[in-house]
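Novice: Once you've had a glance at the structure underneath, I'll fire off some questions.
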Amino acid sequence: MDWLWKRTRQESPERIAIESAGGDGIADIIAALPDPALILDPLLNVTAGNALARTVLEFDPVGRHLSAAIRAPAVLDAAKAALTGHDPVHVDYDVPAPVQRTFSAHIAAIGSTGALLIVLRDLTREQQIERMRADFIANASHELRTPLAALSGFVETMQGAAKGDAEAAERFLDLMRGQAERMKRLIDDLLSLSRIEMNEHLRPSASVDLGRATRHAADAMSEIAKAEGCELRISIEEPLVVTGNWDELVQVMQNLIENALKYGGSGKLIEIEGRAANGMAEISVRDHGPGIAAEHIPRLTERFYRVSVNESRQRGGTGLGLAIVKHILNRHEGRLTIQSAPGKGSRFSVQLPLRSNK
Ligand code: ADP
Numbered sequence: 006m007d008w009l010w011k012r013t014r015q016e017s018p019e020r021i022a023i024e025s026a027g028g029d030g031i032a033d034i035i036a037a038l039p040d041p042a043l044i045l046d047p048l049l050n051v052t053a054g055n056a057l058a059r060t061v062l063e064f065d066p067v068g069r070h071l072s073a074a075i076r077a078p079a080v081l082d083a084a085k086a087a088l089t090g091h092d093p094v095h096v097d098y099d100v101p102a103p104v105q106r107t108f109s110a111h112i113a114a115i116g117s118t119g120a121l122l123i124v125l126r127d128l129t130r131e132q133q134i135e136r137m138r139a140d141f142i143a144n145a146s147h148e149l150r151t152p153l154a155a156l157s158g159f160v161e162t163m164q165g166a167a168k169g170d171a172e173a174a175e176r177f178l179d180l181m182r183g184q185a186e187r188m189k190r191l192i193d194d195l196l197s198l199s200r201i202e203m204n205e206h207l208r209p210s211a212s213v214d215l216g217r218a219t220r221h222a223a224d225a226m227s228e229i230a231k232a233e234g235c236e237l238r239i240s241i242e243e244p245l246v247v248t249g250n251w252d253e254l255v256q257v258m259q260n261l262i263e264n265a266l267k268y269g270g271s272g273k274l275i276e277i278e279g280r281a282a283n284g285m286a287e288i289s290v291r292d293h294g295p296g297i298a299a300e301h302i303p304r305l306t307e308r309f310y311r312v313s314v315n316e317s318r319q320r321g322g323t324g325l326g327l328a329i330v331k332h333i334l335n336r337h338e339g340r341l342t343i344q345s346a347p348g349k350g351s352r353f354s355v356q357l358p359l360r361s362n363k
C-alpha cells in the first residue's frame, strides 16, 4: 500500500479526489486490493470493507465499531495508536473460534483525513507450514541421531572394554553395518521425498503401463519375498496405460509390496491385482497380516508416522515409505485408498486416471 500513501502525500489533486470521493472512491480502491481491507472513520467506525474482509470476518462490518468488527483488543489499541501517531502500526492477533486462526493487521492513517486503513493477512497456513517444517527437521534429526549414537557407542566399546577381543569386534562390526545401512536408507528416503516435493507441481507426461511397472516392482522384491516365505500372486488385466513417470510409479508399487512383506506376516500370501474401472487404472496390494486399527489409517501417509516405531525399525522401516507414495500420487493426480482392520489384513490400492481417458 506504500504507493497510495506516497502518491496521495505528494500529489495533492489525487488526495483531494480521494477525500472528496467520500466512501465510494475509497471503497473502489480497497475492492481492488488482494487482501481483506477496512476503512475506519476517526471514531473507529467501519465505513467501508472489501469482499475479502466480509469473507474473513464472516459478516459485513460496515457501520460497526472496530471493537465489534474485529474482537481483538490489540487491534483496537493499535488503531488508536495509528490515529494519534504518524507511522503505520502492525499487530498480530488470534481468532480462537470456530478454528484457531492467526491474522496480522496493518493499520495506517489515510493522509491527514483522520480516516484509517486496515489491511489483514491470514497467517494461519504460513504458521502451520512453518510448524510442520520445524517438526520435520526435529524428527529427521532425531531419526538420524539414533543410529549415529549407536555407532559411536560401538566404537567406544571396541576402543575400550572390548579392545583386542576379535570375536566381539566381529559382532560389533556387523551391528555397526546395520546402523550405517539404516542411516543410508533414511537419507535415501529423505532425498527421494525432497526430489518428489520439488517436482510436485510438474505433471509427468510419459506413457507408462502401470501393470508392467507393478510386475517390475514385484520382480525387484521377489528375493525378499522368497526369504520371507511369502507368495506374491499377481493378476493384472493389461495394459493399464497411465500418464506418469516410470521410476516413480515403480517406487510406489515397490513401497506397497515391501510394506505387505514387512508387516503382512511371513509365510503368507500377498495378492496384487490390477484392473481398469470408470476411467481409472487400479492396482491393489492385499496382505493377510495383522491389519491396522482405524485410528491409525488416516495418519499413515504422514512423514515418520508409524503404528509401532520399534516394529518399523526392526524391519528396516524409515516411516517415510507411504509419505513418498502419497507425494508421487499427488503429482500423478492419483489416489491411495487404505482398507484394513485388526485381524483382517490390509489392502492398499492405487488409482490413476487411464491415459485414454485424459
Ligand atoms: P515404514 O518405513 O515404517 O514402513 P511407511 O510410511 O511405509 O513407513 O508405513 C508407515 C506405517 O504404516 C508402518 O510403520 C506400519 O505401522 C504401517 N503399515 C504400512 N503398511 C502396512 C501393512 N501392509 N500392514 C500393516 N501396517 C502397515
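Following my numbering, the numbering of the sequence shown begins with 6 at its first residue and continues without gaps.
All C-beta atoms, glycine included, are put in the ideal place defined by N, C-alpha and C.
1. Which one of Ala114, Leu128 and Ser117 has the shortest CA to CA distance from glutamine 105?
2. Report buried or exposed for glutamate 148, applying the criterion of at least 16 other Cβ atoms within 10 angstroms of its Cβ.
3. Nearest to threonine 306 by alpha carbon, out of Gln259, Leu341, Leu196 and Asn204?
4. Any idea which residues DSSP pairs valine 100 with across the strands?
5. Quick test of your reading: alanine 84 and leucine 49, contact by CB under 8 Å. State the CB separation rounded to the nearest angstrom.
6. Is the closest heavy atom of the ligand ADP to the C-beta of tyrosine 98 under 6 Å?
7. In the DSSP assignment, the alpha helix (DSSP H) including isoleucine 192 goes from what residue to what residue?
8. Helix, strand or coil for glutamate 307? Go by DSSP, reduced to three states.
9. Starting from alanine 42, follow the beta strand (DSSP E) in both directions and report where the run begins and ends.
10. What are the boundary residues of the beta strand (DSSP E) that includes aspartate 127?
11. With the cut-off set at 7 Å, would you say aspartate 292 and glycine 326 are in Cβ contact?
12. Just the Cα atoms here: how many angstroms apart are arginine 352 and glutamine 344?
13. For phenylalanine 141, which of helix, strand or coil comes out of DSSP?
14. Check the C-beta distance from leucine 43 over to isoleucine 123 and give it rounded, since I have them as a contact under 8 Å.
15. Relative to the ligand ADP, is the shortest distance from any of its heavy atoms to the C-beta of isoleucine 229 smaller than 6 Å?
16. For tryptophan 251, which option in Ile134, Arg336, Ile75 and Thr60 has the closest C-alpha, if you only look at C-alpha atoms?
17. Please classify phenylalanine 64: does DSSP put it in a helix, a strand, or coil?
18. Mind checking whether the beta-carbon of glycine 326 lies closer than 6 Å to any heavy atom of the ligand ADP?
19. Mapping DSSP to helix, strand and coil, what is valine 312?
20. With DSSP as the reference, identify every bridge partner of methionine 285, one or two as the case may be.
21. Are there three or more Cβ pairs, one per stretch, closer than 8 Å when the region 236-245 is compared with the region 279-286?
22. Helix, strand or coil for alanine 114 per DSSP?
23. Excluding the 5 residues preceding and the 5 following leucine 357 in the sequence, name in chain order all residues of the same chain whose CB lies nearer than 6 Å to its CB.
24. Please tell me whether arginine 318 and tyrosine 310 are closer than 7 Å, where the distance is taken between their beta carbons.
25. In three-state DSSP terms, what is isoleucine 75?
26. Would you be able to state if there are at least three C-beta pairs under 8 Å between the region 218-233 and the region 184-191?
27. For lysine 231, does the count of other Cβ atoms within 10 angstroms reach 16, so buried, or fall short, so exposed?
28. Please report the residue range of the alpha helix (DSSP H) in which threonine 248 lies.
29. In the structure shown, what three-state DSSP assignment does leucine 325 receive?
30. Does the Cβ of arginine 280 lie closer than 6 Å to at least one heavy atom of the ligand ADP?
31. Could you tell me if alanine 113 is buried or exposed, where buried requires 16 or more neighbouring beta carbons within 10 angstroms of its beta carbon?
32. Are there 16 or more other CB atoms within 10 angstroms of the CB of threonine 323, so buried, or fewer, so exposed?
33. Any C-beta of chain B sitting closer than 7 Å to the C-beta of glycine 119?
Specialist: Taking the definition as stated:
1. Leu128
2. A buried status is given to glutamate 148, since no fewer than 16 other beta-carbon atoms sit within 10 Å of its beta-carbon.
3. Leu341
4. In DSSP, valine 100 forms a bridge with Arg106.
5. 6 Å between Cβ atoms; contact.
6. no
7. 171-203
8. coil
9. Element bounds for alanine 42: 42-45.
10. 121-127
11. no
12. 5 Å
13. helix
14. That belief holds up - the Cβ atoms of leucine 43 and isoleucine 123 are roughly 5 Å apart, short of 8 Å.
15. no
16. Here the closest residue by C-alpha is Arg336.
17. coil
18. yes
19. Coil, per DSSP.
20. Ala282 and Pro358
21. yes
22. strand
23. Val247, Ala286, His337 and Gly339
24. no
25. coil
26. no
27. exposed
28. First-last for threonine 248: 246-248, but that is the beta strand (DSSP E), not the alpha helix (DSSP H).
29. coil
30. no
31. buried
32. buried
33. Protein chain content of the structure displayed is limited to a single chain, and chain B is not contained in it.
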